[in-house]
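Input: a single structure, listed below in structure tokens.
Numbering (this note's numbering), first residue to last: 40 to 103.
As structure tokens, this is what we get:
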């Protein structure tokens, strides 16, 4: 997702250099960035809420 955001940011810069209006594209990009940040925060919260897997026995019967 972040790679796509970078590509779109570059495209907006190219449009600005060409003299094309980019206000709506910049607004859309900022909304997309905010949405991605909120989704990443939600993902991190869900990951931290899950119980961690305890180390068990491995093949061969060894415990590490």
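Glycine is no exception: its CB is placed at the ideal position from the N, C-alpha and C atoms.
Self-check item: Segment contact, 8 Å Cβ cut-off, at least three pairs: the segment 81-93 with the segment 56-72
Solution: No: the two stretches stay apart, fewer than three of their Cβ pairs being nearer than 8 Å.
Exercise. List the endpoints of the continuous alpha helix (DSSP H) containing residue 37.
Key: Absent from the model: residue 37. The displayed extent of the chain is 40 to 103, so no value can be given.
Quiz item: What three-state label does DSSP hand residue 58 in the structure shown?
Solution: Reading the chain shown from its first residue, position 19 is the one you call residue 58. Residue state, collapsed to three classes: coil.
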